[in-house]
């Protein structure tokens, strides 16, 4: 019986890839003089920004400076971000079915407030887990486990929906089923381990209806 669905944000609910990568490219170019191709930064999608900038910084203070610059650029760029088509209908459908919903993201709390709250999605979710809420982050299972705990559901009663291999590893390690949001995903061989591959958000409603009718 599926009682809960947990969602990643970037590349799953919101089409943010271009803005996230462009902001990082601008920061690295301005602050470090680095010209980094977008495809060489795809690995950063799905992990905390603090962890990303640490790879390019020579000190903790520089890391903080890079992160502040990147966050500022993303906040500006997010005016062009869109909710993926079909997501609102999916969230409405899940709510009508009485499922519990949570967000599990690698964004920190301030990033979530600045970048996600303006889209008006918060009312759909009973729990929001950001990188500020856990000591360990995806691909570690701790964020997903915290989401499950706040919703008070067992792992086997939940599906985690994401677009990155870090999401898959975190969900699988936590014991949930994993649904790949193909509309935001970059190919990775581990995606063969996904329990479901969603071509469209509405696919998830059909999957849950089928799963719950067989129990």
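Numbering (the numbering used here), first residue to last: 279 to 493. Ideal Cβ placement from N, Cα and C applies to all residues, glycine included. Computed from a predicted structure; not experimentally measured.
Here residue 316 is exposed. Its C-beta has fewer than 16 other C-beta atoms within 10 Å. Counting along the chain, residue 455 sits inside the beta strand (DSSP E) bounded by residues 455-459. Three or more Cβ pairs closer than 8 Å define a contact, and the segment 461-481 meets that threshold against the segment 426-444. Residue 445 has its alpha-carbon roughly 12 Å from the corresponding atom of residue 453. The beta-bridge partner set that DSSP reports for residue 406 consists of 381. The C-alpha of residue 492 is placed about 52 Å away from the C-alpha of residue 335. Taking a C-beta distance under 7 Å as the contact criterion, residue 345 and residue 328 qualify as a contact pair.
The beta-carbon separation of residue 399 and residue 291, rounded to 7 Å, stays under the 8 Å limit for a contact. Between the segment 361-381 and the segment 477-484, the count of Cβ pairs shorter than 8 Å is three or higher; the stretches touch.
Under the three-state reduction of DSSP, residue 293 is assigned to strand. Between residue 443 and residue 466, the CB-CB gap stays under 7 Å.
In this structure, residue 407 sits away from residue 285, with a CB-CB distance that is not shorter than 7 Å. In the displayed model, residue 283 falls within a strand according to three-state DSSP.
Of the residues assessed, residue 354 falls on the exposed side of the cut-off, its CB having fewer than 16 other CB atoms within 10 angstroms. Per DSSP, the unbroken beta strand (DSSP E) holding residue 436 starts and ends at 436-440. In the same chain as residue 332, and ignoring 5 residues on each side of it, the C-beta atoms closer than 8 Å to its own belong to 341, in chain order.
Note on geometry: alpha-carbon atoms of residue 411 and residue 421 lie some 8 Å from one another. Rounded to whole angstroms, the Cβ separation of residue 461 and residue 362 is 6 Å, and the two are in contact under 8 Å. Between residue 394 and residue 287, the gap from beta carbon to beta carbon is short of 7 Å.
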